[in-house]
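Inspection log for the structure reproduced underneath, given as structure tokens.
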Amino acid sequence: MSNMITMNRMKRIIVSLSQNISKRRSYAKYPNPFTRTWGLISEEVKSGFKERSFTYPEHTDVVIVGGGFIGLSVAYWLKIRAGDGLSVVVLEKDPALVNSHNTFSHGVITQHFSLPENIFLSQYSADFLRNINDHFKDNVDVKFCPHGTLLLASEKYADKLEHNVILQKEHGIRNTLLTVEEIQSRYPWVNTSGIKLGCISTETEGVFDAQALLRALIKKTQEQGTMYLNAEVVGFKMDAQRDVLMEGVTPGTFEKINRLLYKTEDNEEIALKFAACVIAAGSESTNLAKLAKIGTGGGLLTVPLPIEKREYNVYSIENKMSFGLDFPFIMDTSGLWLRRNGLQSNLISGQIPSLDKNLDILNKEIFNSSLYNRFPDSQNTKVKVIATEYTDCNTYDDTGILGPHPYHTNLFFATGFGRQGVHHTPAIGKAVAELIIDCQYTTIDLTRFGFDRLLIDEPLIESNVY
Numbered sequence: 001m002s003n004m005i006t007m008n009r010m011k012r013i014i015v016s017l018s019q020n021i022s023k024r025r026s027y028a029k030y031p032n033p034f035t036r037t038w039g040l041i042s043e044e045v046k047s048g049f050k051e052r053s054f055t056y057p058e059h060t061d062v063v064i065v066g067g068g069f070i071g072l073s074v075a076y077w078l079k080i081r082a083g084d085g086l087s088v089v090v091l092e093k094d095p096a097l098v099n100s101h102n103t104f105s106h107g108v109i110t111q112h113f114s115l116p117e118n119i120f121l122s123q124y125s126a127d128f129l130r131n132i133n134d135h136f137k138d139n140v141d142v143k144f145c146p147h148g149t150l151l152l153a154s155e156k157y158a159d160k161l162e163h164n165v166i167l168q169k170e171h172g173i174r175n176t177l178l179t180v181e182e183i184q185s186r187y188p189w190v191n192t193s194g195i196k197l198g199c200i201s202t203e204t205e206g207v208f209d210a211q212a213l214l215r216a217l218i219k220k221t222q223e224q225g226t227m228y229l230n231a232e233v234v235g236f237k238m239d240a241q242r243d244v245l246m247e248g249v250t251p252g253t254f255e256k257i258n259r260l261l262y263k264t265e266d267n268e269e270i271a272l273k274f275a276a277c278v279i280a281a282g283s284e285s286t287n288l289a290k291l292a293k294i295g296t297g298g299g300l301l302t303v304p305l306p307i308e309k310r311e312y313n314v315y316s317i318e319n320k321m322s323f324g325l326d327f328p329f330i331m332d333t334s335g336l337w338l339r340r341n342g343l344q345s346n347l348i349s350g351q352i353p354s355l356d357k358n359l360d361i362l363n364k365e366i367f368n369s370s371l372y373n374r375f376p377d378s379q380n381t382k383v384k385v386i387a388t389e390y391t392d393c394n395t396y397d398d399t400g401i402l403g404p405h406p407y408h409t410n411l412f413f414a415t416g417f418g419r420q421g422v423h424h425t426p427a428i429g430k431a432v433a434e435l436i437i438d439c440q441y442t443t444i445d446l447t448r449f450g451f452d453r454l455l456i457d458e459p460l461i462e463s464n465v466y
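Here it is in structure tokens:
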């Protein structure tokens, strides 16, 4: 009511002024200036004085390319560490795809790894997810459902499984080796043909709602002040720094990368100056690296970023048997996996995509063969495709690439983590934030995940039974 009274008073004043001036001057060709002013004010009041146009940023402290799980986790931890003292921009060219991406197979927490780094990442992330509201200070429900993971190893991989269990126990993980007879006794619906040994974990593992985690990260980072833009990176700009000497670089030829070009929804290209850039764009990371001459340049820039997209189907299996809530997440040597669909009655299943992109992992006949062999009762149930999911695969050694590029030292990678990327998200984001702010890892030493291993040809292989 008070707003209306104020507007009416303003209108009377403007009309009075316009009438007085009109007596002295004629404005036959153009609208009366006071009338025009009143029109503008009226429209602004109605619209709540909204901004007429969005101002796209041209400089930031840190720009993150990729608005998925890992990119948002990096933004979250940067803001936790530095708050408003650090400006952060996230660029994502397809937010709708990120938000709609199916993640049935990604929301699984397991600690069955052979690399200590992966064990530490899982331990930290599991603790974060189980206590997520202590971090976000909000009512976030990621629907964490604890249960064990059952690995089934053929004779070829039995020794590897035993070795991994010893390593995992050294890091505080409680696993139990199972003989074939024990597997048959506990899980009579599992066909143990071709199985030599099994292992079941007993704590700190389970499944969670990955999409709920993504939504929580988006909401939290926006509250923290991160700017999230729907934009596509189309190039990088570099400045010559002839006085810089770097091993592997011809003196006088070094170029520092400090700007990127991004295209807005209106097809406007804008240069964004940054102090640090993080590439966390999944399978798109390779193309972004090429824009920075990685893989196309000389010297330290000759080796490309080996990240490719892998697709695989996720299947729903009608459950006619009465499985308890302690039904484990199961994996066997063929890469087949099976688990309950949360508290629902059906099971979901799939196969881990191969490093070899020529293998047709989308072929339902290949999947059915593995499924029917390991779980014969599934032949009498309805099996249907419910989603086609994808992941970023590091074709060099199938282990994530993390940290700065040896030439572009302010260009950081956080990509190639495959199916582990989602449940390792909290720890990966924290690690990148530490590198940017502290210039070193302070929580988990992930130095071996760096790009350098590609240059010296020392693969870091997660050696498991699948």
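Position 198 of the sequence shown, counted from 1, bears residue number 198 in the UniProt record's numbering, the numbering being contiguous throughout. The beta-carbon is built from N, C-alpha and C at its ideal position, and this holds for glycine as well.
Self-check item: the segment 105-119 touching the segment 208-218, judged by at least three CB pairs closer than 8 angstroms
Solution: Output reads yes: the segment 208-218 touches the segment 105-119.
Quiz item: Can you name the start and end residues of the beta strand (DSSP E) that Leu454 belongs to?
Solution: Looking at the DSSP string, Leu454 is not in any beta strand (DSSP E); the run it does join, the alpha helix (DSSP H), is Asp452 to Leu455.
Quiz item: Would a C-beta distance cut-off of 7 angstroms place Arg374 and Asn191 closer than the cut-off?
Solution: Cβ atoms of Arg374 and Asn191: closer than 7 angstroms.
Self-check item: residue 555 in three-state terms, based on DSSP
Solution: Residue 555 falls outside the range modelled here, since the chain spans only 1 to 466, and no answer is possible.
Quiz item: For Asp398, which beta-bridge partners are listed by DSSP?
Solution: None, per the DSSP bridge assignment.
Quiz item: So what's Tyr407 in DSSP terms, helix, strand or just coil?
Solution: Three-state DSSP puts Tyr407 in coil, outside helix and strand.
Quiz prompt | Status (buried if at least 16 other CB within 10 Å, exposed otherwise) for Ile173 | solution = Per the 10 Å Cβ criterion, buried.
Quiz item: Taking the Cβ atom as the reference point for each residue, do Val385 and Ile348 lie within a distance shorter than 7 angstroms?
Solution: Cβ distance not < 7 angstroms, so Val385 and Ile348 don't count as in contact.
Quiz item: Can you give the Cα-Cα distance for Thr60 and Tyr262, rounded to whole angstroms?
Solution: So the alpha carbons of these two residues sit roughly 13 angstroms apart.
Quiz item: Name the DSSP bridge partner or partners of Ala153?
Solution: Bridge partners of Ala153 according to DSSP: Leu197.
Quiz item: Just the Cα atoms here: how many angstroms apart are Val65 and Phe113?
Solution: About 29 angstroms.
Exercise. Starting from Gly350, follow its DSSP beta bridges and name the residues at the other end.
Key: Beta-bridge pairing links Gly350 to Val314 and Trp337.
Quiz item: How big is the Cα-Cα spacing for Ala126 and Phe136?
Solution: One Cα belongs to Ala126, the other to Phe136, and the distance between them is close to 15 angstroms.
Exercise. Find out if the Cβ-Cβ distance for the pair Thr226, Val63 is shorter than 7 angstroms.
Key: The beta carbons of Thr226 and Val63 sit no closer together than 7 angstroms.
Quiz item: Where do the N-terminal and C-terminal ends of the beta strand (DSSP E) with Ala276 fall, by residue?
Solution: From DSSP, the beta strand (DSSP E) with Ala276 extends over Glu269 to Ile279.
Quiz item: Where do the ends of the alpha helix (DSSP H) carrying Asp159 lie?
Solution: Here the alpha helix (DSSP H) through Asp159 covers Ala158 to Glu170.
Quiz item: Is the beta carbon of Ile437 less than 7 angstroms from the beta carbon of Arg186?
Solution: Not closer than 7 angstroms, so no.
Self-check item: Assigned exposure category for Gly350 - 16 Cβ within 10 Å defines buried
Solution: Under this definition Gly350 is a buried residue.
Exercise. Measuring only between beta-carbons, confirm whether Leu86 sits less than 7 angstroms from chain D.
Key: Of the protein chains in the structure, only one exists, and it is not chain D.
Quiz item: Thinking just about the alpha-carbon of each residue, which of Gly400, Pro188 and Gly148 is nearest to the one in Leu446?
Solution: When Gly400, Pro188 and Gly148 are compared, the shortest CA-CA separation from Leu446 is found for Gly400.
Exercise. Would you mind working out which of Val422, Ile330 and Gln344 sits nearest Glu318, comparing C-alpha positions?
Key: When only C-alpha atoms are compared, the closest one is Gln344.
Quiz item: At which residues does the beta strand (DSSP E) containing Thr221 begin and terminate?
Solution: From DSSP, Thr221 is part of no beta strand (DSSP E) but of the alpha helix (DSSP H) over Ala210 to Gln224.
Quiz prompt | Outcome for Pro404 when other beta-carbon atoms lying within 10 angstroms are tallied against a minimum of 16 | solution = When all chains shown are included, Pro404 counts as buried.
Practice problem: Indicate the three-state DSSP secondary structure (helix, strand or coil) for Leu288 in the structure shown. | Solution: It is helical.
Self-check item: Rounded separation between Phe120 and Pro426 - CA only
Solution: The C-alpha of Pro426 is placed about 12 angstroms away from the C-alpha of Phe120.
Quiz item: Can you give the Cα-Cα distance for His423 and Ser122, rounded to whole angstroms?
Solution: Ser122 has its alpha-carbon roughly 7 angstroms from the corresponding atom of His423.
Self-check item: Whole-angstrom distance between Lys79 and Pro57, CA atom to CA atom
Solution: The alpha-carbon separation between Pro57 and Lys79 amounts to approximately 18 angstroms.
Quiz prompt | CA-to-CA distance, Leu272 to Thr333, given in whole angstroms | solution = About 47 angstroms.
Practice problem: Evaluate Trp189 with the Cβ neighbour count: other Cβ atoms within 10 Å of its Cβ, from every protein chain shown; 16 or more gives buried, anything less gives exposed. | Solution: So Trp189 ends up on the exposed side.
Quiz prompt | 6 angstroms Cβ shell around Leu229 - same chain, five flanking residues per side excluded | solution = The answer, listed in chain order, is Leu91.
Quiz item: Can Val414 and Ile70 be called in contact, C-beta distance under 7 angstroms?
Solution: A quick correction: the sequence has Ala, not Val, at residue 414. Contact: yes.
Self-check item: Rounded distance between the beta-carbons of Pro328 and Thr110, thought under 8 angstroms
Solution: The Cβ separation is near 10 angstroms, so there is no contact.
Quiz item: Looking at the unbroken beta strand (DSSP E) that takes in Tyr228, where does it start and where does it end?
Solution: Element bounds for Tyr228: Met227 to Asn230.
Practice problem: Could you check which residue in Ile132, Glu232 and Leu245 has the C-alpha nearest to that of Asn287? | Solution: Closest by C-alpha distance to Asn287, out of Ile132, Glu232 and Leu245, is Glu232.
Practice problem: Assuming Asp377 and His147 form a contact by the criterion Cβ under 8 angstroms, report the distance between their Cβ atoms to the nearest whole angstrom. | Solution: Their Cβ separation, rounded to whole angstroms, is 20 angstroms, which puts Asp377 and His147 out of contact at 8 angstroms.
Exercise. Would you mind reading off the limits of the beta strand (DSSP E) that contains Arg374?
Key: Looking at the DSSP string, Arg374 is not in any beta strand (DSSP E); the run it does join, the alpha helix (DSSP H), is Lys364 to Arg374.
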